[in-house]
Structures are given as C-alpha cells and as structure tokens.
Amino acid sequence: MDNLIGKTLDGLYRVESLIGTGGMANVYKAVVMAQNGPVPAGTEVAVKVLRQELMHDPDLVRRFKNESKAISLLNHPNIVKVYDVSVSDNLQYIVMEYVDGMTLREYLNERGGKLTSRETVHFISQILKALDHAHRNGVVHRDIKPQNIMLLDNGQLRMMDFGIARVSRAENQLTGGKAMGSVHYISPEQAKGEETDRKSDIYSVGVMMYEMLSGKLPFDADDVVEVALKQISDQPKSLQELNPTIPHGLVEITEKAMAKLPANRYASAAEMLDALNAFVDNPAITFNYHYITEPVPEKAVNDPMNPKKEASAGKTAKNGKNAKKKRSAFLPVLFGITVAFALACGALCWIILNDSSNLMNEKADVVLADYSGMTQDEVNAQEQVASGQIVVNWEQEYSNNYAAGYVYKQSPVAGRTVREGQSVTLTVSLGIQYVTVPDLTNYLQADGEQQLKDLGVSVLVTQAVDETVAAGSIIRTDPAAGSQVAAGTTVVVYVSRPQVSTTTKVPSLIGMSVDDARSLLVQNKLGLGSQTEQYSDQPAGAIISQNPGAGAAARLNSRVSVVVSAGPEPQPEPEPEAPSSSGSTGGDWWSGLIGGSSSSSGSTAEQPSESASSSTGSTLGDWWASLLS
422 MDNLIGKTLD
432 GLYRVESLIG
442 TGGMANVYKA
452 VVMAQNGPVP
462 AGTEVAVKVL
472 RQELMHDPDL
482 VRRFKNESKA
492 ISLLNHPNIV
502 KVYDVSVSDN
512 LQYIVMEYVD
522 GMTLREYLNE
532 RGGKLTSRET
542 VHFISQILKA
552 LDHAHRNGVV
562 HRDIKPQNIM
572 LLDNGQLRMM
582 DFGIARVSRA
592 ENQLTGGKAM
602 GSVHYISPEQ
612 AKGEETDRKS
622 DIYSVGVMMY
632 EMLSGKLPFD
642 ADDVVEVALK
652 QISDQPKSLQ
662 ELNPTIPHGL
672 VEITEKAMAK
682 LPANRYASAA
692 EMLDALNAFV
702 DNPAITFNYH
712 YITEPVPEKA
722 VNDPMNPKKE
732 ASAGKTAKNG
742 KNAKKKRSAF
752 LPVLFGITVA
762 FALACGALCW
772 IILNDSSNLM
782 NEKADVVLAD
792 YSGMTQDEVN
802 AQEQVASGQI
812 VVNWEQEYSN
822 NYAAGYVYKQ
832 SPVAGRTVRE
842 GQSVTLTVSL
852 GIQYVTVPDL
862 TNYLQADGEQ
872 QLKDLGVSVL
882 VTQAVDETVA
892 AGSIIRTDPA
902 AGSQVAAGTT
912 VVVYVSRPQV
922 STTTKVPSLI
932 GMSVDDARSL
942 LVQNKLGLGS
952 QTEQYSDQPA
962 GAIISQNPGA
972 GAAARLNSRV
982 SVVVSAGPEP
992 QPEPEPEAPS
1002 SSGSTGGDWW
1012 SGLIGGSSSS
1022 SGSTAEQPSE
1032 SASSSTGSTL
1042 GDWWASLLS
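Position one of the sequence shown corresponds to residue 422 (our numbering), numbered consecutively onward.
If you want it as structure tokens, here you go:
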C-alpha cells in the first residue's frame, strides 16, 4: 500500500487514493480537511507529489518547481486550477483542481480515433484559448497531447501537466532516444533540440487536429528517434487524401499549423483561433495561405555564348538587307529617336553622378553564416564581416545560458540570404545577472512579491505556520535573504497562515438520546463510538456516561463511546410463606395455663388426640391451682 494514503499533508489534505502515476510524480485524490485551507473544507482535490526516489535529482526537482511556477501564473477555465504548492525538503507537491472525467486520448479511443469536423473545432478552439492565456503569461507548454487534456461531462476541456514548461535549451533535447515531450506531437525544432517558443505549441495543436480529422497520426514508427526524424524532414500524407469529406478550410488551417518552418505557422494561438472562427462563420471559406521557403542563393550567370542571343543576332543579320531598303524612309524618325535617347542618357548620367549610391553597382547576395557561440574578435575575423559583405550591429544582454563575451542571438538568423552590405544584429552575452535576495520578513505578501519581481526574479508563494509572524505576512524566503541568485531564478516565499488545529473539544452528551448525541458529535467533527447499556435511575435511552469525557481534547474524526441507560433495575418478586407448626402448641399451652379447655385448639386435630390434650390441660390446671392455694 502507498505510504501516503491515509495521511494528512500539512494538516490540510487527507490523501485518499492514488489516481495516476508518471515518470516524475504520482497524483493522488485528497480531501481538504481544514476550514482555513485554500478551498472550503470537504473539497476534493488532486495532489501531484514528486516521487521520493527523485527528491535528490536536482534536474527533476527543478523541472517540478518549473511546473509549479508556470501553472501558478495561470487562471483560465480551460486550464486546471492550482490551489496550493509545497516545496519543503521532505515533500514537494502541487494541489490542483480535481477533474472527474476522462482524457481526450480516452475519448478519441472510444470514438475510433476520429472525430467529426464540428467536434474537432469545438475541442481545438478550447485548447487554443487556454494556450493564448498561457502564452500571454510567458508560459510555453511544450508537451501538448491528448493525454494531457481532460474532458468533462459537459464537453469542456481542462489542460494540465505543464511539467516541462519553461525548460531551458539544454534540457529540451533527445536523450537516450527520447525527446522531451511526446515525440508524436513535438515540433521539428523541438525534435532537433533547438530553442522552442509558442509556435512549437501551435505545431502540436496542428498534429492533434490532424489526428482528430483523419484518425491517424501524421508520423509514426516503432522507434521514437525515427518519429522525431520524420517530424524534422518528412511531409505528412494529405488530409483530403485520407478523408476527402474534410472541409478545405480545416485542411488549410491544419497544414498552416503544422508547417515545418515556424515562420509559416500562425503567429499566435489567437490568430489560429480567428481562423477557426472564420471557418465556423463560413464553412466554405478558402484561406489561400502563402508560405515562404528557405531562401536559396541566387546563381544567375550570364552566358556570353547564349544560343538565344546568337539566334537573335543571326536573325538580325538576316534581315539586314531589307532594313537598308527602308533606312532612307525612316531617317527623320531615326534622328528624333537619337536626340531623345541622347537627352535620356544625359539625364541618367547626371543622376548617377549626383546620387550617393551607384545604381550601376548591383550588390551580391550573401548567405549569412552562424555566428552563435563566437566571441566578438572571432566574428570580426570572419570573411563576411572582414570583407564588408555584412555590417554588424553589436548589442549586449544578460543571459543565464551563455557565458559572458559570446554571441547567443543573431538577427537575421543563420542561413538567410541578405543583400551585400546589410546590417546584422549580434547580441553578446553579459553573463548571468545576479541579484541579492532582500530580507522580507514580516512584509505583507503583496509588498514582498513586488520587490522580488522588480529585481527580475520569479516568485512562488507557499504557506507555512509560524506563530511569531502575523497571518498574511512573509516568514522567510528560499534562497534565504542575502543570497545571490541569477535573474529569472524562482524564489519561494513562505507566507504565514494560522495554525491548523487537529483536535476538538468533546461536547457533553449526558442525558441525550443516541440520535441527538450523534448529530452533536458530527457538528464537532467527531463520531459516535461503541454503545453499551446499564441500569440506572435515568430514563431508558438516555446517555449516562461517555468516554472521552465532556471538555476533553480529542483528535478530529475520532469517536466517543457512550453508556446508555436501560432504566431502573427490576425488583425480585416475594417468595410465598411456609405454614407454621407452633400455633396450635402455643394455644394449647396458654389454654392449659389458664385452665381452659383445649378443645377449641384441638378442634382441628383428629379425633383420637382429644384425650391426650385433655389430659395435658388438666395437669397444668392442677399445677396452677396448687400454686394459688
């Protein structure tokens, strides 16, 4: 059994069950227990916990923190909500909205892998709205696929799993035959390990759209490396060939989103969404997109022995005789043309002589070299720069990925064809910009966050308990105050929250019925335990004792045992009296004492005993008489 199931994280989230596993984290279903949590008590949430065996892997821990930072910035109906983040040394988890539904992959499988045009537009539109929000907040998903999208019963989508969002260039490469992100949906530049941006997400959306419309992936193979290579170089089979019923407008939208060159894709998710909306308004629409191609150096060379020229010359010579016959007739006209030509040439010469740019000096085409990773001296030594074929404009910026003094950005990019003498902007790294984390202890959360953002660092807020710091104020930061961190680094801000009580006071149940006691215990987050009966002078059914007693502290959800009165103890019935044998004897004795006859007493006796009784009575009477005489 999972060692987290049944536990309560930070006194807030009781883990109930494991609902998903991944290479980096496990996802649990949990319930919010405290009233002062981020959402009301009793709310079901999903808790994504970094696996314990990965806690000591700094790269994976950084990726997990990247996800926390990325999704904490987002708030959109088509993105899974984030309620809380904890990044302690012992446990790191993200508390998210619990979505009760199926993944878009499961839905596609149920539908045979293919959807209608209407369904495709419905789903893709929601995905684009979520991406537009993420991109506007500086977050690139980089792992868009049907498995990372949840589908609710009402048809609404929720995008999740930003696990490789904002990953640096060094991490976004093929490693051990596996690309970062799902290889069937990654962009060509992502497959090559190059820098990725929002257009990479648009490519992934295009692949999903292709799959929904056709029921097939554009590229597939047994080996992931082979799939990645196909993403880079191959063209997918035509959608209309796979499904001729697909509207032409949707085919055009899909093809543009999946263009190999990022420049040929939609500039933004919003632009692609506009195209979908245009299709909805007019299903017969045709976009007629025009695409740019990789520039190819022009190699036009004039052949002095061009056969066409020779033929033209021959034709001219052939017709020369006829021309002589007509020359005399056209002399006036020829003179006028000559004069006009001379004047035009004079004007042209004047323009040339007075223009700073020599129109006759046609500039050549230059294919830009790649200057990334070079120093300024190395760039100046390159032939294109040294010969003046291009003019370099130098800029400097801080960079966390490139050492100081090295070119890390080039515009236009390498491989582009430009005219000789064109300016090229090269940006040289100033290295990592370090800032000092200020001491924000006891600062209000909003004020502390703003200070950190002004320094150029990212902020991730989490909550902790500290009785010495007022609720809503900052306890500490990680890294600690005074630390030197690189610009763009995530600084975790711990904000004080009230102590979460895990106990409650047991109410008095004495004199209550069992049903009333049960209701009162539930109100106090307790339960009714064992019930026993005992005779008492209290009415039957009334509680006469409890354990724990009234006023005692008990753990939340623990149980209170009670003893219930069974009423008064019943009294035993009296036993019947046995007949006494001394009655008749006493009577006889008294009768004898006073000299009386015993006949009355002995009347119940059998007849034969009468003589004996009489004899005894006579004797006593004689004795009494003698005593008196």
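For each residue, glycine too, the CB sits at the ideal point set by N, CA and C.
Residue burial classification, residue i (beta-carbon count within 10 angstroms, cutoff 16)
i    : result
E632 : buried
A678 : buried
T707 : exposed
Q992 : exposed
S438 : exposed
H711 : exposed
P639 : buried
L471 : buried
H554 : buried
V943 : exposed
G794 : exposed
Y956 : exposed
D641 : exposed
D505 : buried
S625 : buried
A696 : buried
N499 : buried
A785 : exposed
E990 : exposed
I440 : exposed
T911 : buried
Unbroken beta strand (DSSP E) run spanning residue i, endpoints
i    : result
Q884 : S879 to V886
E437 : Y434 to T442
D574 : Looking at the DSSP string, D574 is not in any beta strand (DSSP E), and its letter there is neither H nor E.
N447 : A446 to V453
I964 : I964 to N968
D505 : V503 to V508
D899 : I895 to D899
R980 : R980 to S986
L949 : G948 to Q955
Y528 : No beta strand (DSSP E) contains Y528, which is instead part of the alpha helix (DSSP H) from L525 to E531.
Q905 : Q905 to A907
Among the options, the one whose alpha carbon lies nearest that of residue i
i    : options                   : result
L660 : L671, Q652, S654 and I545 : L671
A790 : A824, Y827, S832 and Y819 : S832
R918 : T925, L433, G427 and S603 : L433
A901 : S538, Y915, E531 and E804 : Y915
H556 : N496, D521 and G842       : N496
R435 : N447, V466 and T442       : V466
I607 : A975, G559, L694 and R563 : R563
T429 : A907, Y514 and F485       : Y514
A963 : F544, S986, E616 and A973 : S986
E615 : A649, V628 and P704       : A649
V886 : G972, I570 and I895       : I895
A551 : E540, I623 and A785       : I623
N978 : G443, K946, I565 and D875 : K946
N863 : A785, G893 and L876       : G893
R897 : L847, D875 and Q866       : Q866
Q817 : A691, P479, L851 and Q967 : L851
R686 : T666, Q456, N703 and E610 : E610
M454 : G970, A974, T923 and T666 : T923
Residue i, enclosing alpha helix (DSSP H) - first and last residue
i    : result
Y519 : Neither: Y519 is in no alpha helix (DSSP H) and is coded neither H nor E.
V648 : V645 to S654
E870 : Q866 to D875
E994 : Unbroken run through E994: none, as it is neither H nor E.
N801 : Q797 to N801
P459 : No alpha helix (DSSP H) contains P459, which DSSP labels as neither H nor E.
D936 : V935 to Q944
A551 : S538 to R557
Residue(s) in a DSSP beta bridge with residue i
i     : result
Q823  : The sequence shown places Tyr at residue 823, rather than the Gln named in the question. Answer is none; Y823 lacks a bridge partner.
R918  : V886
D786  : R840
N814  : T846
A1083 : No answer is possible for residue 1083: the residues shown for the chain start at 422 and end at 1050.
K469  : V448 and I515
I500  : M580
L430  : Y434
Y855  : A907
V828  : V849
V912  : V880
Completely contained alpha helix (DSSP H) runs for the region 628-713, where each covers 4 or more residues: Qualifying alpha helix (DSSP H) stretches, in chain order: 645-654, 660-663, 669-678 and 690-702.
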